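According to the working numbering, the sequence shown is numbered sequentially starting from 34.
Reviewing the structure listed below.
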Amino acid sequence: MQSLQRSMSGVDYAANPVQWVKERAGGFPWSKQREIMEAVRDHPRVAVRSCHATGKTFTAAQIVGWWVDSHPPGESFVVTTAPTAPQVKAILWREINKLHARAGLPGQTNLTEWYLGDEITGEPRELVAFGRKPSEHSEAAFQGIHAKYVLIVFDEASGIPKSLWDAAESMAAGRHCRILAIGNPDVTTSEFARVCRTDSTWKTIGVGYQDTPAYTGEEVPDYLLDLLISPEWVESRRESWGEDSALFQAKVAGEFPDEDSDPFRVIPMSYLRACIHRRRHRS
């Protein structure tokens, strides 16, 4: 089955991911989702730190579908990973399967794989996308996968070990290859936190509660508002967690916690810096 690489209006889908989502998938991407899609089109490395309930997994699934459907069969490949098997199967690949069925995309999908071709018609089957958790998807497993158009997706990227980031870089060495890292900014010591820094070579995008349609007034369908973070939930978390808490910063503001409020850090960095400062002045 041939990929539908051009829209009904003759526009190249590979160059227009947002149009692909609207026409092929029947979706309504809001502004930050459009920004992420276009960033993956334009930049080799994209890191998205996002608060809770912004449609980040939906966005990643749409990008996977667009990538497979808009690039020539046999020339593209997608690898997705997340910290745990349930996150791979029940979150991102659940959305990929829903998208595949709704949009009538080519080939067949299962819990964690996408094949083009059809054994019934005699068309050879080819694996074009799969998802694995880190223990299954070792550094060695990244190696040996080659295609002109490679897309690697790190879902819940704070939990992905650095060894896989390094392996992904080797796999996505071509000029048409892309890596998308997306997730809550939970862990300040993670590789995800490093690539999200302002001095990083990655294209970085932040999505906080204040960027969502309920706060900006962006016009979106009512069903979409029901799925996105709500002002009521934000205020309840503000009251329960406090604005300065690590949970509020990561889950609501969409920012990495201040080092001293990071729940995963046993000794605050400010303490360590103070100790180093005192030691230097004593010597």
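Note that beta-carbon positions come from the ideal geometry of N, C-alpha and C, so glycine has one too.
Predicted model only: the values in this text are computed from it and were never measured.
- In the three-state DSSP reduction, Asp188 falls in the strand class (E or B).
- Counting only runs that start and end inside the stretch 107 to 164, the alpha helix (DSSP H) elements of at least 4 residues fall at 126 to 136.
- 8 Å or more divides the Cβ of His133 from the Cβ of Thr145.
- Burial is judged here by how many other beta carbons sit within 10 angstroms of a residue's own beta carbon; Asp45 has fewer than 16 and is exposed.
- Considered as a whole, the stretch 44 to 89 harbours 50 to 56, 64 to 75 as its complete alpha helix (DSSP H) runs of no fewer than 4 residues, in chain order.
- Boundaries for Thr234: no alpha helix (DSSP H) harbours it, and the DSSP string shows neither H nor E there.
- Within the same chain, Cβ atoms closer than 6 Å to the Cβ of Trp99 are found at Pro50, Trp53, the five residues on either side in sequence being excluded.
- Under the 8 Å Cβ criterion, the stretch 112 to 130 does not count as touching the stretch 272 to 284, having fewer than three qualifying pairs.
- Here Val101 carries a helix assignment [DSSP, helix/strand/coil].
- In the structure shown, the three-state DSSP call for Ala214 is strand.
- A distance below 6 Å between beta-carbons, with the five flanking residues on each side excluded, links Lys89 to the following residues of its chain, in chain order: Ser83, Ile215.
- Burial state of Arg165 is buried, judged by a 10 Å Cβ sphere holding 16 or more other Cβ atoms.
- The Cβ atoms of Leu197 and Pro167 sit closer than 8 Å to each other.
- Using a C-beta cut-off of 8 Å, the stretch 243 to 260 makes no contact with the stretch 215 to 232, since fewer than three inter-stretch Cβ pairs fall below that distance.
- Contact between Val267 and Tyr242 is confirmed by a C-beta separation of about 5 Å, below the 8 Å threshold.
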